[in-house]
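J.: Going by this note's numbering, the first residue of the sequence shown is number 5, and it counts up by one from there. Where a beta carbon is used, it is the ideal one built from N, C-alpha and C, also for glycine. Fair warning: this is a prediction, and the values are worked out from it, not measured in the lab.
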Amino acid sequence: MRVNRNSRARTRAAVGLTVAALAAGATTGAGPASARPETASAAAAAPAAAYCGAAHRIEQKLSTGTTWRMCWRYDSKAGLVLENVSYQPKGEPKPIKVLNSARLGQIHVPYDDGNVEYDDLTGFDFAQGLMNLAPGECPGGTIKTIKVPDSWNEDPNVKGLCTTTRARGHAYRMQGDTGNKVYQTQGKDLLVYTVNQVGWYEYMTEWRFQDDGAITMNVGATGSLSWDDYDAGDGRGWPIGKGAAAAKATSHSHNAFWRLDFALDGSTKNSVEQYDSTVTAQATGQRAPTTKTTRTKITKELAADSKNYRWWRVVSAAGKNKDGHARSYEIVPGPTTKYPGRSFTKHDLYVTQYNKCELFASNNPGNCGPGAGSSVDKWVNGQAVNHPVVWMNIGFHHIARDEDQQPMPVHWQGFSIAPRDVTAMNPLTPAELGWQNGHWQPRG
5 MRVNRNSRAR TRAAVGLTVA ALAAGATTGA GPASARPETA SAAAAAPAAA
55 YCGAAHRIEQ KLSTGTTWRM CWRYDSKAGL VLENVSYQPK GEPKPIKVLN
105 SARLGQIHVP YDDGNVEYDD LTGFDFAQGL MNLAPGECPG GTIKTIKVPD
155 SWNEDPNVKG LCTTTRARGH AYRMQGDTGN KVYQTQGKDL LVYTVNQVGW
205 YEYMTEWRFQ DDGAITMNVG ATGSLSWDDY DAGDGRGWPI GKGAAAAKAT
255 SHSHNAFWRL DFALDGSTKN SVEQYDSTVT AQATGQRAPT TKTTRTKITK
305 ELAADSKNYR WWRVVSAAGK NKDGHARSYE IVPGPTTKYP GRSFTKHDLY
355 VTQYNKCELF ASNNPGNCGP GAGSSVDKWV NGQAVNHPVV WMNIGFHHIA
405 RDEDQQPMPV HWQGFSIAPR DVTAMNPLTP AELGWQNGHW QPRG
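Spelled out as structure tokens, the structure:
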């Protein structure tokens with residue numbers, strides 16, 4: 005295992021993200037020098053389809069008829085960055101752009117004993133730890149070579165980007181009106197991922213682009229528990245090895261942030277909405293409780309928390325589906341353990357106005373202006389939002405167990421964005437059911 009060049013009292017496991025996508029084209033390079041939305045004018049509308057050279061283009065038509073297109077590049081701190089992501093289900097005449105860019109925003113790792121704390125992307129050389137992948141780790145896919153910027157290795161070229169396809173089980177199942185036919189489809193995903201080693205941990209950064217238009221992003225932590233950290237006291241760790249008096253692996257948190265720059269239908273002028281539902285007890289004469297959902301338009305930068313009956317969506321200002329409804333993507337948080345120890349980890353979701361300087365949720369390098377601060381919570385300061393950037397924080401409190409050695413099974417954390425009214429019907433609808441849109445009645 006490669007030893008991290010930084011000398012620290014503790015080396016420890018880090019969480020990573022596995023990103024899925026099937027790519028065509030050649031291989032080497034950190035990414036195109038141009039066509040980077042994060043350095044472009046915030047008001048500029050990007051084209052619908054991915055634009056980049058063949059070496060950095062990912063384009064895959066899945067067997068169910070959906071095509072995903074995007075560009076990739078490799079950042080010296082964030083690692084893999086996906087740009088100009090578009091989705092084209094069958095029946096749509098052209099690609100529907102979803103994102104300007106998608107990337108990790110930080111992996112923050114504080115230890116329970118208070119002795120150490122890490123910002124793996126900007127403070128512990130996450131991107132430099134890109135690992136070579138063996139062919140068996142990318143079954144049925146392609147491993148592309150990444151030229152790591154500012155690499156400390158003798159050879160900066162790493163066979164580190166897997167793009168492949170995966171089955172995910174039933175996309176739907178429905179018995180027909182007559183009972184004589186079952187409609188069912190097995191869903192397919194485009195999977196794009198990298199593995200980055202930080203200390204003893206290996207982060208798998210995974211992006212899954214589903215044929216129904218959803219995008220799921222995960223970080224998986226694997227590798228080894230750090231043997232340097234078998235020094236915890238009671239309440240700060242867990243015994244690993246024989247007997248209760250054995251060394252205790254120090255517990256710690258993995259707070260993973262993602263940064264999504266939306267550009268629905270090719271325009272950055274998107275809006276954000278929050279929905280909250282209230283359940284009222286059953287009243288006299290009713291057969292059940294009532295539920296009412298209210299919409300709040302987010303007009304200024306936001307720090308928000310997940311709660312029961314709450315959800316958010318990003319809404320297109322430029323496009324509608326065939327039913328005349330505005331296209332949008334719903335944010336679907338995954339399971340999380342929110343870490344209250346730092347100001348930037350106290351909220352689940354942040355919405356900020358685009359600023360090319362604001363790239364990492366904590367320990368953000370560079371100067372974003374007088375008093376701007378170096379973490380995402382400081383950027384939520386009342387500014388109006390017309391080009392929203394969404395930051396999602398998903399936490400995992402890692403209390404080690406005997407089964408974590410050796411090697412450590414992958415533990416995942418992540419979230420999804422799901423299409424809401426992007427198409428007029430399920431994009432995988434079979435042709436014979438295409439007439440059943442809206443208030444339909446069985447045919448006689």
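Tell me whether D269 sits in a helix, a strand or coil according to DSSP, three-state version.
T.: Correct three-state label for D269: helix.
J.: Taking only three categories from DSSP, how would you classify L84?
T.: L84 falls in the strand class under three-state DSSP.
J.: Please check the pair G323 and R317, which I expect to be a contact at CB under 8 Å, by giving their CB distance rounded to whole angstroms.
T.: The Cβ separation is near 14 Å, so there is no contact.
J.: Spatial neighbours of T282 within its chain, please: C-beta separation below 6 Å, excluding the five flanking residues on both sides.
T.: The residues are K296.
J.: Starting from G173, follow the beta strand (DSSP E) in both directions and report where the run begins and ends.
T.: Start and end: N161 to Q179.
J.: Looking only at its chain, what residues have a beta carbon closer than 7 Å to the beta carbon of Q179, apart from the 5 residues adjacent to it on each side?
T.: V186, listed in sequence order.
J.: Checking the sheet assignment: what are the DSSP bridge partners for I421?
T.: Answer is I219 and I335, bridged to I421.
J.: With a cut-off of 8 Å, do at least 3 Cβ pairs link the region 219 to 232 to the region 396 to 415?
T.: The region 219 to 232 is in contact with the region 396 to 415.
J.: Find out if the Cβ-Cβ distance for the pair Q278, A307 is shorter than 8 Å.
T.: Not a contact, by the Cβ cut-off of 8 Å.
J.: For G127, which of helix, strand or coil comes out of DSSP?
T.: The answer is helix: DSSP assigns G127 an H, G or I state.
J.: How would you call T43, buried or exposed, if buried means at least 16 neighbouring beta carbons within 10 angstroms?
T.: Unreliable placement is indicated for T43, whose pLDDT of 38 sits below 50; no coordinate value is reported for it.
J.: Thinking C-alpha only, which one of E206, Q417 and M221 is nearest R212?
T.: Measuring from the Cα of R212, the nearest candidate turns out to be M221.
J.: Could you tell me if D352 is buried or exposed, where buried requires 16 or more neighbouring beta carbons within 10 angstroms of its beta carbon?
T.: Burial call: buried.
J.: How about E121: is its C-beta nearer than 8 Å to some C-beta of chain D?
T.: Any reference to chain D falls outside this structure, which holds one protein chain only.
J.: Are three or more beta carbon pairs between the region 188 to 204 and the region 116 to 132 nearer than 8 Å?
T.: Yes, the region 188 to 204 touches the region 116 to 132.
J.: Which of the three DSSP states is assigned to E407 in this structure?
T.: Helix.
J.: Can you tell me where the alpha helix (DSSP H) with V380 in it begins and where it stops?
T.: Where V380 is concerned, the enclosing alpha helix (DSSP H) stretches over V380 to W383.
J.: Assuming the contact rule is C-beta atoms closer than 8 Å, D381 and S347 should be a hit. Round their C-beta distance to whole Å, please.
T.: Confirmed, Cβ separation roughly 5 Å.
J.: Provide the residue(s) that pair with D235 in DSSP beta bridges, ordered along the chain.
T.: None; D235 has no bridge partner.
J.: At what residues does the beta strand (DSSP E) containing C75 begin and finish?
T.: Looking at the DSSP string, the run of the beta strand (DSSP E) that includes C75 is T71 to D79.
J.: What's the call for S67, buried or exposed, on a 16-neighbour Cβ count within 10 Å?
T.: Exposed, because fewer than 16 other Cβ atoms sit within 10 Å of the Cβ of S67.
J.: In terms of DSSP beta bridges, what is Q132 paired with?
T.: Looking at the DSSP assignment, Q132 forms no beta bridge with any residue, so it has no partner.
J.: With DSSP as the reference, label H391 as helix, strand or coil.
T.: DSSP places H391 in coil when its eight states are reduced to three.
J.: I want to check one thing, is the minimum distance from the CB of Q278 to the heavy atoms of the ligand ADP below 7 Å?
T.: The ligand ADP is absent from the structure shown, which contains no ligand whatsoever.
J.: On a CA-only basis, which of Y358, P434, W444 and H256 is nearest V120? Give me that one, please.
T.: When only C-alpha atoms are compared, the closest one is H256.
J.: When DSSP labels each residue in this structure, what does P112 get in the three-state scheme?
T.: It is His, not Pro, that sits at residue 112 in the sequence shown. If DSSP states are grouped into helix, strand and coil, H112 belongs with the strands.
J.: What distance in whole Å lies between the Cβ atoms of T349 and E96, which are believed to be in contact at a cut-off of 8 Å?
T.: The Cβ separation is near 39 Å, so there is no contact.
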